[in-house]
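One structure is given here, and the rest of the page talks about it.
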Amino acid sequence: MTPSPTPSPEILDEILLSLVEGVGSRTYQRLIERFGNATAILNASRRDLSLYNFHQPNTLEQLLTARERINPVPTVELCQNNQIDIIPLQDERYPKQLKTIPDPPPLLYAQGTLLPSDAFSIAVIGTRQCSRYGKRQTEFLTKTLVQRGFAIISGLALGIDGAAHYAALQNKGKTIAVLGSGLLRVYPTKHKMLAKKIVQSGGCLLSELPPLHPPTIWSFPQRNRLVSGLSLGVLVVEAPLRSGTMITARLAGEQGRDIFAVPGSIDLINSQGCNQLIKDGAYLTESADDILNVLGPMGQSVVLPGMSTAMRHPKEISLNDVERRVLNCVGFAETSLDSIVSASGLELHQVLPALLVLKTKQIIRGLSTTRFVRM
Numbered sequence: 024m025t026p027s028p029t030p031s032p033e034i035l036d037e038i039l040l041s042l043v044e045g046v047g048s049r050t051y052q053r054l055i056e057r058f059g060n061a062t063a064i065l066n067a068s069r070r071d072l073s074l075y076n077f078h079q080p081n082t083l084e085q086l087l088t089a090r091e092r093i094n095p096v097p098t099v100e101l102c103q104n105n106q107i108d109i110i111p112l113q114d115e116r117y118p119k120q121l122k123t124i125p126d127p128p129p130l131l132y133a134q135g136t137l138l139p140s141d142a143f144s145i146a147v148i149g150t151r152q153c154s155r156y157g158k159r160q161t162e163f164l165t166k167t168l169v170q171r172g173f174a175i176i177s178g179l180a181l182g183i184d185g186a187a188h189y190a191a192l193q194n195k196g197k198t199i200a201v202l203g204s205g206l207l208r209v210y211p212t213k214h215k216m217l218a219k220k221i222v223q224s225g226g227c228l229l230s231e232l233p234p235l236h237p238p239t240i241w242s243f244p245q246r247n248r249l250v251s252g253l254s255l256g257v258l259v260v261e262a263p264l265r266s267g268t269m270i271t272a273r274l275a276g277e278q279g280r281d282i283f284a285v286p287g288s289i290d291l292i293n294s295q296g297c298n299q300l301i302k303d304g305a306y307l308t309e310s311a312d313d314i315l316n317v318l319g320p321m322g323q324s325v326v327l328p329g330m331s332t333a334m335r336h337p338k339e340i341s342l343n344d345v346e347r348r349v350l351n352c353v354g355f356a357e358t359s360l361d362s363i364v365s366a367s368g369l370e371l372h373q374v375l376p377a378l379l380v381l382k383t384k385q386i387i388r389g390l391s392t393t394r395f396v397r398m
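Per the working numbering, residue 24 is the first one in the sequence shown, and the count goes up by one each step.
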């Protein structure tokens, strides 16, 4: 991703506001609802700001004195010198899936390549203390997922996260690492080389924190909502009942994401979380097909590398040429069988089996025996 030019005064105010102590993503959203934009917030009077009930008592003073104390220009220059792009929430490059969560970060810092096609992604997460079984399943599932065209999202942590990133790289797949620190303070330090390889391979490092922000106790739970928010679904490989992984799974459910879990031995602590998730309704997962069979239509169409047409449903990735050709002739409005045959240039005996496959995969819906519509 090519870093953007010098930000406008409005974007500088977005950066400045993000650096104010006590203004997290939820506070930011509520302030924006009241004042409209970052500039209006920073220019607001004490009386106007006093109408807002801040969670931390010193946030009001922090905001009132922000322009005097904080200069956003050094942050911009630091990003430009290290090929880090600053993406505001209003920017068209901001991941659209992430915008749908209750508290999207007002700014993203990105190093590497972030594309619209990255919306076709699965988060692969799990414990730092993974077993050989967990590592093996992570490598197997990640390999098959990237072969199906999915980008892999994880948190760059030791254990399952790292295994997922490495497996994606080894199989020439796209992987995105979401950090719980600034991009120039990669944590854990053991994964500095992994982070570098992710960027070099065409992947991306993401954080909502300024480049030099250190990892903190609170920053990792905050990071977890981004891991799930960026993905179509979350795959949990191994996790104790009480863990950050289970927090991410809970957040995924709140965000409306599908949750997948790899079952494990009932006498192992690292399997208790996955087994509980399955009891609670997560999808038992043994292969990439278990994931594909569950995922519904995406919020937006994407064009994956190597594809000439936009794809809206994950199951489209498994269609053959005839099925894809027929699908391209079915509209979101009612479409007749005759028009599908005519537009596709195929024979009726080729179209009918393809329509059956598309209905079975729930990519289209039959309104009658001769009329169909995209889902």
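Even glycine gets a Cβ: it sits at the ideal position worked out from N, Cα and C.
Keep in mind that this is a model prediction, so the values were computed, not measured.
Shortest alpha-carbon distance to N298 belongs to which of D184, H214, E261 and A311? Working through the sequence shown from its first residue, we reach residue 298 at position 275. Residue E261 is the option with its Cα nearest to N298.
Leaving out five residues on either side along the sequence, give the residues of the same chain with a beta carbon under 8 Å from the beta carbon of I363. Working through the sequence shown from its first residue, we reach residue 363 at position 340. The answer, listed in chain order, is V349, C352, V353, V374, L378 and F395.
Between which two residues does the beta strand (DSSP E) holding Q106 run? Position 83 of the sequence shown, counted from the first residue, corresponds to residue 106. Taken as a continuous stretch (DSSP letters only), Q106 belongs to no beta strand (DSSP E), as it is neither H nor E.
Whether or not the stretch 174-185 and the stretch 252-267 are in contact is what I'm after, with contact meaning three or more pairs of Cβ atoms, one per stretch, closer than 8 Å; do they touch? yes
Tell me which residues share the same chain as L35 and place their Cβ nearer than 8 Å to its Cβ, disregarding the 5 neighbours each side in the sequence. Your numbering for residue 35 matches position 12 in the sequence shown. The answer, listed in chain order, is P95, V96 and V99.
Closest Cα partner of K213 within the set L232, S41, R265 and R151: Reading the sequence shown from its first residue, position 190 is the one you call residue 213. Taking only the C-alpha atoms, the option nearest K213 is R151.
Quick one: Cα of T25 to Cα of K302, how far? Against the sequence shown, residue 25 aligns to sequence position 2. Against the sequence shown, residue 302 aligns to sequence position 279. Legend: pLDDT at T25 = 49, less than 50; position of this residue unreliable, no value from coordinates given.
Can you tell me whether Q134 is buried or exposed, with buried defined as 16 or more other CB within 10 angstroms of its CB? The residue you call residue 134 lines up with position 111 of the sequence shown. Looking at its Cβ environment, which holds 16 or more other Cβ atoms inside 10 Å, Q134 is buried.
Contiguous alpha helix (DSSP H) assignments of at least 4 residues, all confined to the stretch 172-258: 183-193, 215-223 and 242-252
Starting from L130, follow the beta strand (DSSP E) in both directions and report where the run begins and ends. The residue labelled residue 130 in the question sits at position 107 within the sequence shown. Unbroken beta strand (DSSP E) run through L130: L130 to G135.
Going by the beta-carbon positions, is the gap between A142 and Q120 smaller than 7 Å? Locating residue 142 in the sequence shown gives position 119, where the first residue counts as 1. Locating residue 120 in the sequence shown gives position 97, where the first residue counts as 1. In this structure, Q120 lies closer than 7 Å to A142 by Cβ.
Can you check whether the CB of I270 is closer than 7 Å to the CB of P286? Translated into positions along the sequence shown, residue 286 becomes position 263. Translated into positions along the sequence shown, residue 270 becomes position 247. Contact flag unset, no.
Measure the alpha-carbon distance for R388 versus P337 and round it to whole angstroms. Reading the sequence shown from its first residue, position 365 is the one you call residue 388. Reading the sequence shown from its first residue, position 314 is the one you call residue 337. Near 16 Å, if we compare the C-alpha coordinates of P337 and R388.
When the Cβ atoms of the stretch 159-168 are set against those of the stretch 103-110, are three or more pairs found closer than 8 Å? no
Starting from the Cα of A89, find the closest Cα among I64, P111, H78 and L74 and give me that residue. One-based indexing of the sequence shown puts residue 89 at position 66. Of the listed residues, the one whose Cα sits closest to A89 is I64.
Alpha carbon to alpha carbon, how far is I221 from E370? Taking the sequence shown and counting its residues from 1, one reaches residue 221 at position 198. Taking the sequence shown and counting its residues from 1, one reaches residue 370 at position 347. Whole-angstrom Cα-Cα distance: 46 Å.
Pairs of beta-carbons, one from the stretch 216-232 and one from the stretch 177-194, closer than 8 Å: are there three or more? yes
Smallest Cα separation from V43: which of L130, P30 and R171? As a first step, residue 43 must be located in the sequence shown, where it is residue number 20. The shortest Cα separation from V43 among L130, P30 and R171 belongs to L130.
For S359, which residues in the same chain have their Cβ closer than 7 Å to its Cβ, ignoring the five residues on either side in sequence? Here the question's residue 359 lines up with position 336 in the sequence shown. Excluding residues within five positions, the ones whose Cβ falls inside 7 Å are T393 and R394.
So, is F355 buried or exposed, given that buried needs 16 or more other C-beta atoms within 10 angstroms? Here the question's residue 355 lines up with position 332 in the sequence shown. When all chains shown are included, F355 counts as exposed.
Going by C-alpha to C-alpha distance, which of M398, L74 and R208 sits closest to K382? Translated into the one-based positions of the sequence shown, residue 382 becomes position 359. Per the Cα distances, M398.
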